[in-house]
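Remarks on the structure that follows.
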Amino acid sequence: MENESFWERFRCEIISPLKFIWTLRNSFGEFNEVRASYGLPTLKNPFDRWQSSLFLLDNFFGFEMPIPLSPIIQEIGPVLPDYYPPLTPDIEKFLTLHKRTMFVALGSFLFLTPENNAKLLQSIIEATENGIVDGVIWANIVKNRESFPPSITLSNGRIISTSDIFENKNPNIHMASFAPQFAILNHTNTKLFLSHSGAGSAHESLYTGTPILALPITFDQPGNAEKLELAGVALTLDKLNLDVNDILDKIKRIQNDEQIQSSLRRIKTLAIINSNRKYRAADLIEFTLHSSALNQKNINDDNKFDDKLIFKDLITPDTRMGFIKGKYLDVYATALVIFVSILYGILRGLYIIGKLIYVKLFKNEDKEKKE
Numbered sequence: 001m002e003n004e005s006f007w008e009r010f011r012c013e014i015i016s017p018l019k020f021i022w023t024l025r026n027s028f029g030e031f032n033e034v035r036a037s038y039g040l041p042t043l044k045n046p047f048d049r050w051q052s053s054l055f056l057l058d059n060f061f062g063f064e065m066p067i068p069l070s071p072i073i074q075e076i077g078p079v080l081p082d083y084y085p086p087l088t089p090d091i092e093k094f095l096t097l098h099k100r101t102m103f104v105a106l107g108s109f110l111f112l113t114p115e116n117n118a119k120l121l122q123s124i125i126e127a128t129e130n131g132i133v134d135g136v137i138w139a140n141i142v143k144n145r146e147s148f149p150p151s152i153t154l155s156n157g158r159i160i161s162t163s164d165i166f167e168n169k170n171p172n173i174h175m176a177s178f179a180p181q182f183a184i185l186n187h188t189n190t191k192l193f194l195s196h197s198g199a200g201s202a203h204e205s206l207y208t209g210t211p212i213l214a215l216p217i218t219f220d221q222p223g224n225a226e227k228l229e230l231a232g233v234a235l236t237l238d239k240l241n242l243d244v245n246d247i248l249d250k251i252k253r254i255q256n257d258e259q260i261q262s263s264l265r266r267i268k269t270l271a272i273i274n275s276n277r278k279y280r281a282a283d284l285i286e287f288t289l290h291s292s293a294l295n296q297k298n299i300n301d302d303n304k305f306d307d308k309l310i311f312k313d314l315i316t317p318d319t320r321m322g323f324i325k326g327k328y329l330d331v332y333a334t335a336l337v338i339f340v341s342i343l344y345g346i347l348r349g350l351y352i353i354g355k356l357i358y359v360k361l362f363k364n365e366d367k368e369k370k371e
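Position 39, counted from 1, in the sequence shown is what full-length UniProt numbering calls 39; the numbers after and before it change by one each time, with no gaps.
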């Protein structure tokens, strides 16, 4: 934001929200139809509910760009489970034998093109053979085996059989149909995470202090990758322009860049501290239930449920004051008028004094000339 051009800031602040509203225009109608089917009143302006609804955001500043938030919007992330599946015996053995392992996981539902899969596979083979890393675990890829070519030609001209890689005949590459992601990231020998940068994966990586080589594919992933790179804990690959040499260079840079490692230690601390806020989320949900049940004033004069009364302690007064009054525009305008009036009075007074002095001096000069 602070380093963006005027056009980018205008696009983000004005154009993007309008596009978002336009995209949701049909959803509002469908939403009202669902409400009506359950006997609930329809909403003329769904945005009014936003001012009186409790928002729990699975996010945290450090990963997200810092912005001022209303008390009714509560950050409770990163929300991470208390228990995770442990390492499988084969993966635990692999990690024990490989001190500098790169973990690759690009999601379970979105896949790359066959061309990009071939480039990634070539990159991880060359990364292990060139000593950039000494081991690679690639998760959730076995079921997508048919999208890989039968063989991979390395930069030195050597041809590698793809089937040998998928059958784990290469001692430095482990292809897994399932991998306990958090347990792998939390292992001391995992030095790098090649990820699609989904929010959940990003949170786990930051919590465990694992640097990210982001390969965003779609949805929120490009935005997450940009945030991670701005936070100084990741480098990004372009799915439309994948290059083996670029991938190898960034794998090496992430491991050796002290600034990335320093930023990662800072964000890791934030992630660990903020991970306890999920219990506050449970408290807020309980508060909502108790407030709606105990406070009889939640029933307004029309005998309808008034959700604004539930969260009256969290709703800021400016939402009830109107735009001009709520933003203190009337106060600022009055202050501006007073300032301009005082400034005008001072300048006018100086002008009159200066004019009097000038006239007096001019008359004295004329009088001396006449004498």
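We treat Cβ as the ideally placed atom computed from N, Cα and C, and that holds for glycine.
Quick one: residues in its chain with C-beta nearer than 6 Å to the C-beta of residue i, no 5 flanking neighbours on either side, listed in chain order?
i      : result
Asp318 : Gly326
Lys119 : Leu242, Val244
Gly157 : none
Asn251 : In the sequence on display, residue 251 carries Ile and not Asn. Only Ala127, Ile132 meet the Cβ criterion.
Arg277 : Ile76
Arg100 : Val133, Asp134, Lys191
Ser275 : Pro78, Leu80
Ala139 : Ala105, Ala176, Ala179
Ala293 : none
Asp58  : Gly77, Val79
Pull up the distance between the alpha-carbon of residue i and that of residue j, whole angstroms please.
i           : j      : result
Ala234      : Asn3   : 19 Å
Leu121      : Ile137 : 11 Å
Tyr332      : Phe20  : 31 Å
Ile76       : Gly107 : 24 Å
Phe219      : Phe6   : 25 Å
Gly269      : Thr208 : Note that residue 269 is Thr in the sequence shown here, rather than Gly. Cα to Cα, the separation comes out at about 9 Å.
Ser53       : Ser70  : 11 Å
Ala282      : Ser291 : 14 Å
Thr316      : Phe47  : 16 Å
Thr334      : Gly198 : 48 Å
Asp257      : Ile152 : 30 Å
Glu8        : Pro114 : 34 Å
Leu264      : Asn224 : 15 Å
Ile14       : Pro68  : 18 Å
Arg25       : Ile165 : 49 Å
Arg11       : Asp246 : 31 Å
Ala231      : Ser262 : 11 Å
Met65       : Lys227 : 7 Å
residue 380 : His98  : Because the chain here runs from 1 to 371, residue 380 falls outside it and cannot be looked at.
Ile285      : Ile273 : 21 Å
Leu110      : Met321 : 46 Å
Phe31       : Arg49  : 13 Å
Leu56       : Arg280 : 10 Å
Lys143      : Gln74  : 39 Å
Leu289      : Gly200 : 28 Å
Asn45       : Tyr38  : 19 Å
Asn172      : Ser147 : 22 Å
Ala202      : Glu167 : 29 Å
Lys349      : Tyr328 : A small fix is needed here, since residue 349 is Gly in this sequence, not Lys. Roughly 31 Å separates the two Cα atoms.
Asp90       : Ser195 : 22 Å
Ile72       : Phe287 : 13 Å
Met102      : Ser27  : 42 Å
Note down, in chain order, each residue of its chain lying with its Cβ closer than 8 Å to the Cβ of residue i, except the 5 sequence neighbours on either side.
i      : result
Leu87  : Leu95, Pro180, Ala183, Ile184, His187
Arg35  : Pro41, Thr42, Leu43
Leu154 : Gln122, Ile125, Glu126, Glu129, Ile160
Pro150 : Ser161, Thr162, Ser163
Leu248 : Ser123, Glu126, Ala127, Asn130, Ile132
Considering only residues of the same chain and omitting the five flanking positions on each side of residue i, which have a CB-CB separation below 7 Å?
i      : result
Asp330 : Ile324
Ile141 : Met175
Ile254 : Leu192, Pro211, Leu213, Leu235, Ile260
Pro85  : Pro180, Ala183
Asn117 : Ser147, Phe148
Pro222 : Pro216
Pro17  : none
I'd like to confirm the pairing. Which residues does DSSP put opposite residue i in its beta bridges?
i      : result
Thr101 : Gly135, Thr190
Gln74  : Leu56
Ala202 : According to DSSP, Ala202 bridges with nothing at all.
Phe94  : Looking at the DSSP assignment, Phe94 forms no beta bridge with any residue, so it has no partner.
Ala214 : Ser195, Thr236
Glu64  : Phe61
* Asked: Can you give, in chain order, each stretch of the alpha helix (DSSP H) that sits fully within the stretch 218-306 and has at least 4 residues?
  -> Unbroken alpha helix (DSSP H) stretches of 4 residues or longer found wholly inside the stretch 218-306: 221-230, 244-256, 258-274, 278-294, given in chain order.
* Taking the runs of the alpha helix (DSSP H) that are 4 residues or longer, which of them lie wholly in the stretch 108-185? -> Segments of the alpha helix (DSSP H) lying fully in the stretch 108-185: 114-129, 162-166, 181-185.
* Asked: What alpha helix (DSSP H) runs, 4 residues minimum, are completely inside the stretch 303-353?
  -> Whole alpha helix (DSSP H) segments, 4+ residues: 307-310, 323-326.
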